[in-house]
Each structure stands twice: as structure tokens, then as C-alpha cells.
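In my numbering, the protein residues as written are 943 to 1188.
A virtual CB, placed ideally from N, CA and C, is assigned to each residue, including glycine.
Given the structure is predicted, the values throughout are model-derived calculations rather than measurements.
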């Protein structure tokens, strides 16, 4: 995004350019490690000119974060077509695209960075979580969620955040596997809640009825059934072996 040469820009055009340059730098390194001098150099302008548009790195970081948060929130927007499992998997792929592209900045935001704790930063983070929450509810066809469903959806969003942070620290698990695992996690959280609540049980049955045999939810059910069958077979075998010694 480096311009290489200076040219006159309008106020808003220059602001957007600086936000874009800062966002690119923040995506490669923690914002704490990026200086105003680097931002100015990458933008092809002087350090004082950066301060002409932004009073300091914090305000520029918050502006870059606003653009990034809008981008991240948009990744949860998905057409209401096809089974829920496939929709959530597409959402998770776009979510991890963002995490992959903005790793250091994403990590700094969630774990601690120059703007963490500010009211602006907290509001932006909350806006992304709320946007994700609203989108998931819309896919479930629910406008007034019961308490257990709200708990499931918000817990799952938090789980996606923490999973992404752990993955960034070494990327020891293939990303595609984690995307599928998070979709399975949503099904598992819903199933556990459904076992406790009739309303959640009805929702779970509706989701299951719409899920194809090759969908991620059905795949999870098949794997759990196979695991339970093997465990039961192993238990029966152990019991029969034990009886031979009696």
C-alpha cells in the first residue's frame, strides 16, 4: 500500500489512506510495535502530516480497528439458504480468513493492545459480537431467544474467539479442522442445552430434520454414535473376558 511518491489528496481520502496503511501494518505486527514514523513512511508522507489527520497512534489505531470490526462483522452475514450446518461452516471459513489475514492485530486486540480498555475499543468489540449474535439468531429463525439459547449462542461466539487466538499461537492444528470443529461445537452446545430444556429440544429437532446426511451436524452424530458403539463393544468384551476368570 506504499505510494512511493507524494501527491495531494483530499482530507477524507488521506484519512482513509492512512487507515488502510495502518491496518496493513497492524495485520503483520502488534500495534505496539508499529511507530508513527513507519506509518508515515508507508503512506509516503511526513510524520507531522500524520498528526494533522490523527492526534496520535491511539486514534489512528481506533480508526483502523473500526474498519476491521466492520469487515469482521460482515463475515458473519450469510444467505439463508441451505442447511444450518453448511451455513455456519461458510461463516467459520470467512472468520478464519480474517484471523489469518490480521493475526497480530486480532491477537493484540483480544489479548491486550494500545487501545484495549478504551470505551471506543470495547464498544467496537462488543458491536462485532452483537452482530454475530444477531446473525446466528436470524439463521435459527428466532427473534426473541429464550435464556438457554442466548447462552448457547454467546458462549459459542466466545469459543470461536478463544479458538482463533489459540490457533494463532503456533497454528498446530490445521485450520480447516478447527472450522469444522467449531461447527460441531455449536451442535454439541445446542444438544447439551436441549437435553435440559423442552424448547431447546424442539429447536434441536428442527435443525436435525433439515440437516442432510453429509452435513457437518450429521457427521458429528455419526462419529459420536460410532464412538459409543466401539466403547460399548469394548465394555462387553472386557466383561466377557472377566467372566472367563470367574
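Below 8 Å on the Cβ atoms is my contact criterion, and I expect residue 1038 with residue 1129 to pass it. Report the Cβ-Cβ distance as a whole number of Å.
At roughly 18 Å, the Cβ-Cβ gap does not stay under 8 Å, so residue 1038 and residue 1129 are not in contact.
Decide if residue 883 is buried, meaning its Cβ has at least 16 other Cβ atoms within 10 Å, or exposed.
It is not possible to answer for residue 883, since the shown part of the chain is limited to 943 through 1188.
Decide if residue 1127 is buried, meaning its Cβ has at least 16 other Cβ atoms within 10 Å, or exposed.
Under the 10 Å beta carbon count, residue 1127 is surrounded by 16 or more other beta carbons and is classified as buried.
Nearest-angstrom Cα distance between residue 1045 and residue 969?
If you draw a straight line from the Cα of residue 1045 to the Cα of residue 969, it comes to about 6 Å.
Buried versus exposed call for residue 1138 [16 or more other C-beta atoms within 10 Å across all chains shown]
With fewer than 16 other Cβ atoms within 10 Å, it is exposed.
Is the Cβ-Cβ distance between residue 984 and residue 967 less than 8 Å?
Yes, the pair counts as a contact, with Cβ atoms nearer than the cut-off.
For residue 947, three-class secondary structure by DSSP:
Its pLDDT being 47, under 50, residue 947 is placed unreliably in this model, and the value from its coordinates should be taken loosely. If DSSP states are grouped into helix, strand and coil, residue 947 belongs with coil.
Leaving out the 5 sequence neighbours to the left and right, which residues in its chain are closer than 8 Å to residue 1134 when beta-carbon positions are compared?
Hits under 8 Å: none found.
Do you know how far the Cα of residue 997 is from the Cα of residue 1022?
Their Cα atoms are separated by approximately 43 Å.
Cβ contact (3+ pairs, closer than 8 Å) linking the segment 1017-1037 and the segment 1147-1163:
Touching, yes, given that three or more Cβ pairs across the two stretches are closer than 8 Å.
Take the Cβ of residue 1188 as the centre, count every other Cβ of all protein chains shown within 10 Å, and call the residue buried at 16 or more, exposed below.
Note that residue 1188 scores a pLDDT of 49, beneath 50, so its modelled location is shaky; the value from the coordinates is reported in the next line. Exposed, since its Cβ has fewer than 16 Cβ neighbours within 10 Å.
From residue 979 to residue 1125, what distance separates their C-alpha atoms?
Approximately 43 Å, taken between the alpha carbons.
Counting along the chain, where does the alpha helix (DSSP H) carrying residue 972 start and finish?
Unbroken run through residue 972: none, as it is neither H nor E.
Can you tell me the Cβ-Cβ gap for residue 1014 and residue 1070, rounded? I've got them flagged as a contact below 8 Å.
Confirmed, Cβ separation roughly 5 Å.
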